[in-house]
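There are 2 protein chains.
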Amino acid sequence: METLRERKKRRTRESLLRAALELFTSQGYERTTVDEIAEAVDVSQRTFFRYFAGKEDVALAVQKMTEAAFVAAVRARPAHEAPMQALRQAFLEGWDTIRETVESVVPVELYLRMYRTIESTPALLAAHLRRSAATEETIARVLAEREGVDVDTDPRPRLAVAVFGGVIRVSERRWCTSEDFGLESIRTLTAEYLDQVGSALTGNWRTG
Amino acid sequence: METLRERKKRRTRESLLRAALELFTSQGYERTTVDEIAEAVDVSQRTFFRYFAGKEDVALAVQKMTEAAFVAAVRARPAHEAPMQALRQAFLEGWDTIRETVESVVPVELYLRMYRTIESTPALLAAHLRRSAATEETIARVLAEREGVDVDTDPRPRLAVAVFGGVIRVSERRWCTSEDFGLESIRTLTAEYLDQVGSALTGNWRTG
DNA sequence: AGGTTAGTGACAGCCGCTGACAGTTGACAA
DNA sequence: TTGTCAACTGTCAGCGGCTGTCACTAACCT
């Protein structure tokens with residue numbers, strides 16, 4: 069059961085989040101001030117900073133949620149799966165259930181548009197990459213535990229996750245600049261790229 | 069031949085750079101203000117911003133140089149080498165010649181210490197990762213041209229570079245937190261990790 | 001109903017960064 | 001050498017992100 073106070077807090081937070089994303093996606097991240105966001109929700113600037121650590125934080129808040137869902141999905145994968153397979157499945161599963169993950173806070177539509185804003189805003193892209201790096205570290209530990217190896221001496225968990233993350237980023241980037249910017253296309257694109265990693269590494273591309 | 073004006077400019081720039089790195093590495097990036105850096109060189113804050121785009125910029129200036137050297141090294145690799153092999157050789161070569169690349173501006177010692185500061189400062193790490201992403205894009209294009217494939221339709225150049233970059237970052241991170249933080253150890257570590265990527269991807273780690 | 005606590009607004013201030021303008025110093029030709 | 005022009009610098013004023021402080025209001029809990 070949720071008390072009135074908690075309900076109010078949640079509503080303010082989500083209002084701020086929605087207003088921020090709406091402004092960021094429509095008029096750009098840099099051209100949006102914190103004052104503007106606060107004004108749109110009719111709270112003081114100070115209050116904004118009580119809910120979010122900063123402008124970057126609110127911009128990446130939803131990504132944070134989906135990343136958490138991804139980590140949880142990796143944890144939930146059956147133990148018999150090979151590492152890379154587990155990552156692949158968890159990732160695709162994340163996109164399948166994206167609606168349930170996100171819609172309670174902001175429309176999925178807005179979330180997708182925000183992805184493009186992040187990718188095209190240097191400051192946000194930097195923050196996003198840093199977050200991704202942190203998530204990769206978490207997943208490396210999950211993987212290490214799953215496989216029963218020591219993450220501090222065996223580099224394989226981190227290497228596998230780094231490679232996976234690299235492929236994901238290439239997919240994301242391609243997807244953001246692509247024309248069919250839909251929920252299905254990111255799934256197929258990522259799956260396709262994951263299949264092609266092998267041939268990209270070993271091999272002479274010229275004999276294609 | 070260098071005119072007096074140019075000499076003065078170069079000296080101011082390098083003084084600012086050295087002072088900044090010295091302050092960053094000794095008392096921390098966030099605890100160092102731009103005013104402090106300017107004061108250490110006895111110029112106005114405004115002048116600092118005429119030489120560097122910002123605080124981040126000066127912190128990553130040397131990394132920028134070494135990345136440029138790396139890109140050049142990739143370009144100079146013989147055409148018969150396979151893509152991943154070319155990247156590997158160029159990277160190791162970059163560390164072999166690091167002294168010539170860096171010492172004319174700042175002591176290598178300082179450059180190495182700065183690496184650790186970057187890795188342990190969220191804002192700098194974010195900026196560093198963003199720069200790396202940009203460099204990866206450049207290298208993907210170099211590789212594509214080398215191999216005669218179209219970078220816009222063939223994902224393999226970007227995938228290969230992303231994987232390589234991922235391994236590099238794992239190495240760097242490990243190296244920064246390691247005890248033998250020397251010029252040789254990053255070489256051996258990277259080479260070792262590049263060799264292990266294969267087994268990290270394919271394979272069941274539990275049968276080790 | 002009344003004391004306690006959580007959440008808010010208003011204000012002051014630091015820091016990174018930028019635009020505008022005036023002063024100074026080196027470059028180059030008369 | 002001197003005068004002119006361009007480059008470089010300092011000063012000042014100001015914006016936006018962010019934080020500390022403190023008084024005030026609203027919800028919570030007997």
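Which chain is which? The protein sequence lines are A and B, in order.
The numbering of the first sequence is the working numbering, which starts it at 69 and goes up by one.
The numbering of the second sequence is the working numbering, which starts it at 69 and goes up by one.
For glycine and all other residues, C-beta sits at the position ideal for the given N, C-alpha and C.
Chain-ordered chain A contacts of residue i [CB-CB under 7 angstroms]
i      : result
E215/B : W273, R274
V231/B : V231, G234, V265, L269
M152/B : L269
P190/B : R198
Y261/B : P223, L227
Straight-line Cα distance separating residue j from residue i
i      : j      : result
G162/A : P146/A : 16 angstroms
R118/A : P190/A : 25 angstroms
S172/B : Y179/B : 12 angstroms
L192/B : I186/B : 5 angstroms
K132/A : R237/A : 16 angstroms
D220/A : G233/B : 20 angstroms
P223/B : E177/B : 39 angstroms
E56/B  : F120/B : Given that chain B is displayed from residue 69 to residue 276, the structure contains no residue 56/B and the question cannot be resolved.
M69/A  : A201/A : 36 angstroms
F138/B : A158/B : 6 angstroms
W273/A : K77/B  : 47 angstroms
T101/A : R167/A : 29 angstroms
R79/B  : T165/B : 24 angstroms
R255/B : T275/B : 28 angstroms
S246/A : V235/A : 16 angstroms
S239/B : E74/A  : 45 angstroms
A212/A : A144/A : 14 angstroms
R81/B  : S188/B : 25 angstroms
A140/A : A140/B : 42 angstroms
T270/A : T270/B : 13 angstroms
Under 8 angstroms between C-beta atoms of residue i and residue j
i      : j      : result
A194/A : L197/B : yes
M182/A : F92/A  : yes
F116/A : L160/A : no
A135/B : T203/B : With the sequence shown as reference, residue 135/B is identified as Glu, and Ala is not the correct amino acid for it. Cβ distance < 8 angstroms, so E135/B and T203/B count as in contact.
L72/A  : R156/A : no
R242/B : L257/B : yes
D21/A  : Q113/A : Nothing can be reported for residue 21/A: it is not among the residues displayed for chain A, which extend from 69 to 276.
C244/B : R199/B : no
V170/B : A154/B : no
Interface residues of chain B facing residue i [CB-CB closer than 7 angstroms]
i     : result
G96/A : Correct list: empty, because the minimum Cβ distance to chain B is about 18 angstroms.
Contact belief for residue i with residue j at Cβ below 8 angstroms, rounded distance in angstroms
i      : j      : result
V130/A : V174/A : 6 angstroms
Residues that residue i contacts on chain B, provided the C-beta gap is smaller than 8 angstroms
i      : result
L193/A : R198, A201
Listed by chain order, chain A residues near residue i by CB distance under 8 angstroms
i      : result
R237/B : A201, A230
Any non-hydrogen atom of the ligand ATP closer than 7 angstroms to residue i Cβ
i      : result
A268/B : Looking at this structure, you won't find the ligand ATP or any other ligand, since it has none at all.
message: Three or more C-beta pairs under 8 angstroms: does that hold for the stretch 208 to 225 of chain B against the stretch 119 to 131 of chain B?
response: no
- prompt: Counting Cβ pairs closer than 8 angstroms, one from the stretch 222 to 232 of chain A and one from the stretch 198 to 211 of chain A, do we hit at least three?
  reply: Touching, yes, given that three or more Cβ pairs across the two stretches are closer than 8 angstroms.
message: With three or more C-beta pairs closer than 8 angstroms as the rule, is the stretch 242 to 256 of chain B touching the stretch 265 to 275 of chain B?
response: With a cut-off of 8 angstroms, the stretch 242 to 256 of chain B and the stretch 265 to 275 of chain B do not count as touching, because too few Cβ pairs lie within range.
field: Three or more C-beta pairs below 8 angstroms linking the stretch 81 to 88 of chain B and the stretch 105 to 114 of chain B
entry: yes
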